[in-house]
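Residues in the sequence shown are numbered from 39 upward in steps of one, following my numbering.
We put the CB at the ideal spot given by N, CA and C, even for glycine.
Quantities reported herein were computed from a predicted structural model and do not represent experimental measurements.
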Amino acid sequence: MMMSRSGARLTNSMMATMGPHLFSSATTTPRILSTASYLQNGNQVASPARNMSSWTRKRSTLALGEKEEEGGKQPVTASAGGDAKNDKEIVSYWGVSPSRISKEDGTDWKWNCFRPWETYQADMSIDLKKHHAPITFMDKMAYWTVKSLRLPTDIFFQRRFGCRAMMLETVAAVPGMVGGMLLHCKSLRRFEHSGGWIKALLEEAENERMHLMTFMEVAKPKWYERALVFAVQGVFFNAYFLGYMISPKFAHRMVGYLEEEAIHSYTEFLKELDKGNIDNVPAPAIAIDYWRLPANSTLRDVVMVVRADEAHHRDVNHFASDIHYQGRELRESPAPLGYH
Ligand SMILES: [Fe+2]
Ligand SMILES: [Fe+2]
């Protein structure tokens with residue numbers, strides 16, 4: 039009992055001395071002191087250390103309570119995700135509230151990962167057959183590197199194109215992020231503009247990731263496929279990072295050829311859909327919103343727009359490599375921002 043009383047006295051003295059210094063906000067101090075007096079007068083007085091830690095734990099809630107009292111408002115809330123089922127509201131003491139966005143039909147915009155102004159209609163008029171003929175030694179090396187990767191991919195996936203697309207998108211989203219990141223660091227190091235190439239490459243990475251978010255709605259990865267992605271990402275990220283540092287000319291050329299292969303894969307995917315070997319299921323909702331597709335679109339429509347995206351990535355990367363071939367830096371030529 040003696041210990042408890044002396045502990046309470048110590049806590050009270052600590053609160054009175056430290057409270058105003060620790061928390062300069064005028065609105066929090068009275069609450070701190072009232073908490074301290076509760077600790078002294080209440081029956082549940084425990085050890086000073088315990089009281090201190092329990093008081094510290096409660097502090098954030100106290101501050102939030104005061105905010106409610108002061109403003110007479112409900113706590114600011116943030117949505118946890120786009121899925122209405124799991125749409126748990128998270129209380130934000132910091133006042134960071136998400137903007138509520140509506141679709142044209144007045145319903146809520148459900149995607150937090152992209153906004154209506156980031157959606158687009160794919161340019162389907164793009165030439166899918168364009169090919170960069172490998173003439174220099176470096177181009178041939180890039181070309182045959184990609185071709186040699188095709189063989190194990192064909193063996194592994196056979197004609198399971200949905201699964202193949204999903205898995206390859208986990209790789210395809212890496213180069214843009216690595217290239218964008220390295221250009222970002224270069225821009226900081228050299229105190230110079232990037233010519234928009236950082237953003238263009240990050241846009242590509244984001245677009246590829248959206249392909250993945252779409253295909254994972256129609257092909258669920260098995261545990262060993264997830265494990266494979268883990269391993270491949272570990273190797274590919276580092277290899278591409280090193281490759282880009284040594285020769286961005288080679289790195290972009292290789293991605294250009296990877297995109298040519300992607301166009302081929304999606305063309306095969308379409309053939310299988312047309313033959314009826316793959317069910318032409320309704321398009322995932324995320325794809326309908328992202329590519330502004332009609333509500334009754336199908337998987338075939340999605341594959342068509344994704345293939346058009348790949349053709350744009352092919353052009354951007356071959357173009358980037360060509361800039362380097364001319365002995366120039368990317369920043370010297372304005373980046374094709376928003377090129378879809
Ligand atoms: Fe893709
Ligand atoms: Fe691509």
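If I'm right that residue i touches residue j with Cβ under 8 Å, what's the distance once you round it to whole angstroms?
i, j, result
"residue 328", "residue 354", "In fact, because the Cβ distance is near 19 Å, the residues do not count as touching under 8 Å."
"residue 304", "residue 242", "Incorrect: roughly 16 Å between the Cβ atoms, too far for contact."
"residue 200", "residue 265", "That pair is no contact at about 19 Å."
"residue 295", "residue 180", "6 Å"
"residue 233", "residue 372", "6 Å"
"residue 204", "residue 152", "Going by Cβ atoms, the distance from residue 204 to residue 152 rounds to 19 Å, so no, they are not a contact pair."
"residue 301", "residue 345", "6 Å"
"residue 330", "residue 157", "5 Å"
Just grab the DSSP bridge partners of residue i for me.
i, result
"residue 347", "According to DSSP, residue 347 bridges with nothing at all."
"residue 372", "In DSSP, residue 372 forms no bridge with anything."
"residue 320", "336"
CA-CA distance, residue i and residue j?
i, j, result
"residue 146", "residue 320", "21 Å"
"residue 191", "residue 155", "36 Å"
"residue 334", "residue 174", "47 Å"
"residue 223", "residue 375", "19 Å"
"residue 263", "residue 198", "13 Å"
"residue 293", "residue 131", "45 Å"
"residue 291", "residue 298", "11 Å"
"residue 229", "residue 323", "43 Å"
"residue 225", "residue 214", "16 Å"
"residue 221", "residue 314", "45 Å"
"residue 207", "residue 144", "33 Å"
"residue 308", "residue 133", "48 Å"
"residue 186", "residue 237", "31 Å"
"residue 251", "residue 235", "24 Å"
"residue 189", "residue 169", "20 Å"
"residue 365", "residue 359", "10 Å"
"residue 219", "residue 231", "14 Å"
"residue 167", "residue 129", "52 Å"
"residue 351", "residue 160", "12 Å"
"residue 343", "residue 332", "12 Å"
"residue 362", "residue 150", "37 Å"
"residue 385", "residue 369", "The structure shown has nothing for residue 385, since the chain only spans 39 to 378."
"residue 286", "residue 176", "11 Å"
"residue 280", "residue 212", "13 Å"
"residue 138", "residue 326", "20 Å"
"residue 367", "residue 255", "39 Å"
"residue 245", "residue 357", "18 Å"
"residue 306", "residue 227", "44 Å"
"residue 268", "residue 261", "11 Å"
"residue 195", "residue 259", "13 Å"
"residue 165", "residue 142", "32 Å"
"residue 119", "residue 338", "Because the pLDDT at residue 119 is just 45, under 50, the model does not fix this residue reliably, and the value given afterwards should be weighed accordingly. Looking at the two C-alpha atoms, the distance is approximately 28 Å."
"residue 282", "residue 276", "10 Å"
"residue 336", "residue 193", "28 Å"
"residue 178", "residue 140", "50 Å"
"residue 171", "residue 148", "44 Å"
"residue 163", "residue 284", "35 Å"
"residue 249", "residue 202", "12 Å"
Is the separation between the beta-carbon of residue i and that of residue j shorter than 8 Å?
i, j, result
"residue 274", "residue 209", "yes"
"residue 311", "residue 270", "no"
"residue 392", "residue 239", "Since the displayed the chain opens at 39 and closes at 378, residue 392 lies outside it and no answer follows."
At a cut-off of 7 Å, is residue i close to ligand 4 when judged by its beta-carbon and the heavy atoms of the ligand?
i, result
"residue 348", "What this structure holds is ligand 1 and ligand 2, not ligand 4."
In chain order, which continuous runs of the alpha helix (DSSP H) of length 4 or greater are located wholly inside the region 202 to 260?
-> Counting whole runs of 4 or more residues, the region 202 to 260 contains the alpha helix (DSSP H) stretches 235 to 253.
Entirely enclosed beta strand (DSSP E) segments - the region 122 to 201, minimum 3 residues | Runs found: 127 to 129.
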